[in-house]
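S.K.:
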Amino acid sequence: MNARVPTELGTERIPKLLKQYAIPAIIAMTASSLYNMVDAIFIGHGVGPYAISGLALTFPFMNLAAAFGTLVGVGASTMASMLLGQKNYDIARKVLGNVVVLNFLIGLAFTIVALVFLDPILYFFGASEN
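In terms of the working numbering, the sequence shown has 82 at position 14, counting the first letter as 1, and numbering is strictly consecutive.
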């Protein structure tokens with residue numbers, strides 16, 4: 069398998085690479101935050117205060133799930149970057165393939181935990197009978 073391997077990460081200037089890779093990430097995070105704020109506004113006006121409180125109750129659990137996904141993603145990207153720098157392209161591909169499977173399994177585990185322990189989790193985050 070003869071795949072093209074980008075070499076700009078090893079040869080391009082750091083400030084240019086930082087701009088090239090950081091700006092899209094900043095835009096994506098800003099868009100995600102704006103999406104959450106607009107979503108909360110529409111839910112609050114359209115459905116009411118109970119819906120907003122439901123959104124606020126589930127937000128920490130969703131952040132926890134995202135944190136685990138980020139944990140695996142950052143670790144794998146660091147390992148893949150080191151392997152690419154060492155020109156171990158096949159092992160880097162395997163690492164990235166494994167991280168997809170691992171993130172899927174983490175998501176599945178969070179789903180199962182959420183379904184099995186839904187009421188205790190919601191009460192832990194401050195839910196009431198309403």
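In this text, a Cβ means the ideal position worked out from N, Cα and C, and glycines have one as well.
Kindly indicate which three-state DSSP category Ile180 falls into: helix, strand or coil?
M.R.: helix
S.K.: Hey, Ala177 and Ser121: beta-carbon distance below 9 Å or not?
M.R.: no
S.K.: Please state the DSSP three-state secondary structure of Pro188.
M.R.: helix
S.K.: Counting Cβ pairs, one atom from each stretch, are 3 or more of them under 8 Å apart for the region 160-173 and the region 129-149?
M.R.: Because the criterion of three Cβ pairs below 8 Å is met, the region 160-173 and the region 129-149 touch.
S.K.: I believe Ala124 touches Ile111 by the beta-carbon criterion, under 8 Å. Please report the beta-carbon distance rounded to the nearest angstrom.
M.R.: With 8 Å as the limit, Ala124 and Ile111 do not qualify as a contact, their Cβ atoms being about 10 Å apart.
S.K.: Once DSSP output is grouped into helix, strand and coil, what is the label at Thr75?
M.R.: Looking at Thr75 - three-state DSSP - the assignment turns out to be coil, as it is neither helix nor strand.
S.K.: Taking the C-alpha atoms as reference points, what is the distance between Ser101 and Gln88?
M.R.: 21 Å
S.K.: Taking the continuous alpha helix (DSSP H) assigned at Gly137, which residues delimit it?
M.R.: 117-153
S.K.: Exposed or buried, what is Leu86 when buried is set at 16 or more other beta-carbons lying within 10 Å of its beta-carbon?
M.R.: exposed
S.K.: May I ask you to report which of helix, strand or coil DSSP gives Asn156?
M.R.: coil
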